[in-house]
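When the letters of the sequence shown are read in order and numbered with this note's numbering, they come out as residues -9 to 194. Here the structure is laid out as C-alpha cells; the discussion comes afterwards.
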Amino acid sequence: MENTNEDPELYIVEGFAFYTKEEAEKAERELKKIRLLDERLDPDNLPAVRALYIKALDQEVFETEIGLTYLRNLQMHLIGEGYLKSDEKPLIIKYSKTQWEKETERMLEEQKALEKKYKDKADERIGRAKNKAGEAIGKMKNLYLAVGVLVLLIIAMFLLTLTGKNPNIINYRNAVINEYSDWQKDLEQREAELRKKEAELNNE
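Structure representation (C-alpha cells):
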C-alpha cells in the first residue's frame, strides 16, 4: 500500500485507489485471502470453484474492488465452462463506506453550491427591490413637498382674498350687498324729493 503522487489522499493497492487507509488495509487483507485461495484451489476443479464462488457471495467475504474483481473472474470462468448460468448468483456491487461518504460529500457540496446560487439571486433581487423602494420613497418625499407648497399657496391666496379690495369669489357677495344698500338709499332719497315737489304743486 502506498500513497499516490497525483493525489496524496489516495492509497494504492494492486492498481486500485482507495480514499482512506482503512479501505486500503481491507483491500490488502482481501488480497492475501485471494493469494491463499489461488494456492489451494485447482481452477480445473469446477465443482470446487463453483462452491467457493457461491460461498464467497453468500457470506460476503469480499467487499472491496479487489475482492469483487476476483469473484468476477471466477464467475466468468464458471460461465465459460458451463458450470454457471449468466443470470445465476450475480455479483452484488455495493458502495463501500468510503464511497458512500464521498458520494454524500459530493451531493452536499452540490446542494451548498445550489443554495448559494439561489441565495445570491435572492440577494440580488432584494437589492434591486431596496433600490426601487428608495426611489419610490424619494418620489413620495418630492410629492409631499409639492403638496406642502401647494397648500401654502392656497392659504396665501385665501388670505389675499380676505384682505383684498376688489370683488372676487370670496367677497363678491359682500360687495354686491353694499352696492345694493347704496342704491336703495339713493332711490329712497329721490322718492322723498319727488313727493315733496308733488306736495308743493298741490298747494298752489
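The beta-carbon is built from N, C-alpha and C at its ideal position, and this holds for glycine as well.
Please work out which residues of its chain come closer than 7 angstroms, Cβ to Cβ, to residue i, disregarding the five sequence neighbours upstream and downstream, and give them in chain order.
i	result
residue 39	31, 33, 64, 67, 68
residue 183	none
residue 113	none
Would you grab the beta carbon distance between residue i and residue j for me? Rounded to a whole angstrom, and I think it's under 8 angstroms.
i	j	result
residue 72	residue 20	Incorrect: roughly 28 angstroms between the Cβ atoms, too far for contact.
residue 13	residue 54	7 angstroms
residue 1	residue 11	6 angstroms
residue 61	residue 81	6 angstroms
residue 9	residue 18	The Cβ separation is near 15 angstroms, so there is no contact.
Closer than 7 angstroms: is that where the CB of residue i sits relative to any heavy atom of the ligand FAD?
i	result
residue 189	The ligand content of the structure shown is nil, which means the ligand FAD is not present either.
Could you pull out every residue in the same chain whose Cβ sits closer than 6 angstroms to the Cβ of residue i, ignoring the five residues on either side in sequence?
i	result
residue 135	none
residue 137	none
residue 278	Given that the chain is displayed from residue -9 to residue 194, the structure contains no residue 278 and the question cannot be resolved.
residue 3	-9, 14, 17, 18
residue 7	0
CB-CB under 8 angstroms to residue i, same chain, minus the five flanking residues each way: which ones, in chain order?
i	result
residue 83	58
residue -5	For residue -5, the predicted structure reports a pLDDT of 48, less than 50, and the residue's modelled location is therefore unreliable. A value from the coordinates is still provided. Taken in chain order, the list of residues that qualify is empty.
Return no unless some Cβ of chain D is closer than 8 angstroms to the Cβ of residue i.
i	result
residue 188	No chain D appears in the structure shown, which is made up of a single protein chain.
Review point. Do the segment 99 to 112 and the segment 36 to 55 make contact, defined as three or more Cβ pairs closer than 8 angstroms?
Key: no
Check your understanding: Is it true that the segment 18 to 30 meets the segment 69 to 80, where meeting means three or more beta-carbon pairs spaced less than 8 angstroms apart?
Key -> no
Check your understanding: What are the complete beta strand (DSSP E) segments, minimum 3 residues, inside the segment 73 to 142?
Key -> none
Exercise for review: Scan the segment 7 to 43 and note each continuous alpha helix (DSSP H) run of 4 residues or more that stays entirely inside, going in chain order.
Suggested key: 11 to 30
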